[in-house]
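Trainee: Here this note's numbering is used: the first residue of the sequence shown is 1160, the next is one more, and so on. Think of the CB as a built atom: it goes at the ideal place given N, C-alpha and C, for glycine as much as any other residue. Because the structure is a prediction, the values reported are computed rather than measured. Quick one: structure below, then a few questions.
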Amino acid sequence: MLKIITTQLSELLKEDHILQKHQIINPNNFNEMYNLFKTKTILSICIYDKTFSKKLKSGQIIPVCDHINNTGTNILIGHQKKLDIDFTDMSNLYQKRDRSIITVCCGKTLNTEERYPSHYMCNITTLARAMRINTIAGYLYNTK
């Protein structure tokens, strides 16, 4: 299993934090993600992104069961030929876990009015599914 942490989360964690041992990836960099997913035989991935929620304790990690893409972009636009896709089925994207939540992917700035906002988890997940990585676990790390 490939374990990924977003640059947005990595920048907030101490250098010796256990999550810093995972692959740090810029979820806005299509080529970086594409090359990582293409060069390895990946059957499953685990993604960690940042959230800010008053409902969670600082440092608490919560599983994701779905996302809403409010970033205003789609990482696949303009790359369909390279990926040899027309349409990517986005149903049942994440592994189901007890007490999992739906995150709203906000882009650069978290919308703290949302219950569980995140930055760009949707980009990693969408590209992973388009590249036929079918087992995806998502988690948010609360930075309150």
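So what does DSSP say about cysteine 1224, is it helix, strand or coil?
Mentor: In the structure shown, cysteine 1224 sits in a strand (DSSP, three-state: E or B).
Trainee: State buried or exposed for lysine 1213, treating a residue as buried only when at least 16 other CB atoms are found within 10 Å of its CB.
Mentor: Exposed, since its Cβ has fewer than 16 Cβ neighbours within 10 Å.
Trainee: Quick one: residues in its chain with C-beta nearer than 7 Å to the C-beta of aspartate 1245, no 5 flanking neighbours on either side, listed in chain order?
Mentor: Hits under 7 Å: Gln1239.
Trainee: Output yes or no for whether 8 Å exceeds the beta carbon distance between proline 1186 and asparagine 1282.
Mentor: Contact flag set, yes.
Trainee: Among Phe1196, Leu1242 and Tyr1207, which has the Cα closest to the Cα of histidine 1181?
Mentor: It is Tyr1207.
Trainee: So, with DSSP's three-state summary, where would you put cysteine 1281?
Mentor: Of the three classes helix, strand and coil, the one that applies to cysteine 1281 here is helix, per DSSP.
Trainee: Less than 8 Å separating the beta-carbons of isoleucine 1184 and threonine 1200?
Mentor: For isoleucine 1184 and threonine 1200, no; Cβs fall outside 8 Å.
Trainee: Please report the Cβ distance between threonine 1294 and serine 1203, rounded to the nearest whole angstrom; I am assuming they are in contact, meaning their Cβ atoms lie under 8 Å.
Mentor: With 8 Å as the limit, threonine 1294 and serine 1203 qualify as a contact, their Cβ atoms being about 4 Å apart.
Trainee: Could you tell me the distance, in whole angstroms, from the CA atom of lysine 1267 to the CA atom of proline 1276?
Mentor: Each residue's alpha carbon lies about 11 Å from the other.
Trainee: I'd like the list of long-range same chain contacts for leucine 1242, defined as Cβ closer than 6 Å, with 5 residues on each side in sequence excluded.
Mentor: Hits under 6 Å: Ala1289.
Trainee: Which same chain residues end up closer than 8 Å to lysine 1173 when comparing Cβ atoms and leaving out the 5 residues on each side of it in sequence?
Mentor: Here the set comprises Gln1179.
Trainee: Quick one: what's asparagine 1301 bridged to in DSSP?
Mentor: Thr1210.
Trainee: Taking 6 Å as the limit between beta carbons, can you name the residues of its chain near threonine 1247, skipping five residues before and five after?
Mentor: Correct list, in chain order: Arg1288 and Ala1289.
Trainee: What does the alpha-carbon distance come out to for the pair serine 1169 and threonine 1271?
Mentor: Each residue's alpha carbon lies about 19 Å from the other.
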